[in-house]
Amino acid sequence: MKSTEALSQKIRKEFSEVPFPSHCGLHAAVAKDDWVEDEKILREITQRDDYIGEWWDIPKEHLLKCMTALSYFDVAGMEFYLPAYMKAIIESPSDFDKPMVKSSSWQIIHTMLPDEESQELKQYFNDRFSGFLGGKKHVCREFLQYVESCTLYDEHARQLAQEALANEFWSSNS
524 MKSTEALSQK IRKEFSEVPF PSHCGLHAAV AKDDWVEDEK ILREITQRDD YIGEWWDIPK
584 EHLLKCMTAL SYFDVAGMEF YLPAYMKAII ESPSDFDKPM VKSSSWQIIH TMLPDEESQE
644 LKQYFNDRFS GFLGGKKHVC REFLQYVESC TLYDEHARQL AQEALANEFW SSNS
């Protein structure tokens, strides 16, 4: 298994140049779950409520509070926030999964699993992950392998990681 520190550094290196998505941050994405669609309102929520800076400095409390946000990001939001979640999960697994208490890492892993039953949802996945090429895609695959093999994570999260790794999206190098 790859060391936590090495994987964390690799995630940071591969996603280091990704800019903040000022059109829709974590809290605005959660607002989309409440049917807020107005772009001006989403920008206002982002400017008012989100940490604006480098993704690796996002407070973990924001990530934990906004676990559903990944479902509502476009490619820019996904490229900015997914590495923050991946890094937080591998550096502090007990903040996301505690046996017999809570499990939330599976939500992030589920986001990385393409839907094979609905062509519309599969296309939505492909659109949101269209910027994940080369090293970005490779480090995501390493993250999934890490979660799959680490018993610190909920069994459901490890199973989802295994399913994602079996999908051609994560198994191909393109």
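Residue numbers for the sequence shown, in this note's numbering: 524 to 697.
Note that CB positions come from ideal geometry on N, CA and C, so glycine has one too.
Fair warning: this is a prediction, and the values are worked out from it, not measured in the lab.
Which residues in the same chain have their Cβ closer than 6 Å to the Cβ of residue i, if we skip the five residues on either side of it in sequence?
i: D620; result: S626, S628, Y676, D677
i: L565; result: C547, A551
i: V662; result: K533, I534, E537
Identify whether residue i lies in helix, strand or coil by the three-state DSSP scheme.
i: D597; result: coil
i: S626; result: strand
i: S694; result: helix
i: D573; result: coil
i: D580; result: helix
i: D650; result: helix
i: D557; result: coil
i: D677; result: coil
i: D638; result: coil
Please list, in chain order, all residues of the same chain as residue i whose beta carbon is under 7 Å from its beta carbon, the five residues on each side excluded.
i: R681; result: V670, E671
Shortest alpha-carbon distance to residue i belongs to which of the options?
i: Y647; options: M601, S615, L549; result: M601
i: L683; options: I631, R566, F538, S617; result: I631
i: Q636; options: S617, C673, S594; result: As written in the sequence, residue 636 is Leu, which differs from the Gln given in the question. When each option's Cα is compared against that of L636, the closest is S594.
i: H550; options: A529, E528, I575; result: I575
i: E665; options: I613, G654, S641, E643; result: I613
i: D580; options: E562, F543, W558; result: F543
i: A607; options: T674, L644, T569, S531; result: S531
i: K659; options: T634, W693, D650, K645; result: W693
i: S617; options: K645, R571, C673, S545; result: C673
i: L656; options: E562, F596, S695, D561; result: S695
Could you give the distance in angstroms between the alpha-carbon of residue i and the alpha-carbon of residue j?
i: D573; j: S526; result: 30 Å
i: W578; j: K536; result: 12 Å
i: M524; j: A552; result: Note that M524 scores 48 on pLDDT, short of 50, meaning its location in the model is unreliable; the coordinates nonetheless yield the value given after this. Straight-line Cα distance between these residues: approximately 33 Å.
i: E639; j: A687; result: 11 Å
i: V541; j: F603; result: 6 Å
i: K584; j: M590; result: Contrary to the premise, residue 584 reads as Glu rather than Lys in this sequence. C-alpha separation (whole angstroms): 10 Å.
i: Q668; j: M609; result: 12 Å
i: A611; j: Q642; result: 31 Å
i: V598; j: H679; result: 26 Å
i: S539; j: D557; result: 31 Å
i: E560; j: S653; result: 23 Å
Is residue i close to chain B, meaning its C-beta is less than 7 Å from at least one C-beta of that chain?
i: E540; result: Checking the listed chains, one finds no chain B in this structure; it contains a single protein chain.
Beta-carbon within less than 8 Å of residue i's beta-carbon, same chain only, minus the 5 sequence neighbours each way: which residues are those?
i: S615; result: K583
i: A554; result: I564, L565, I568
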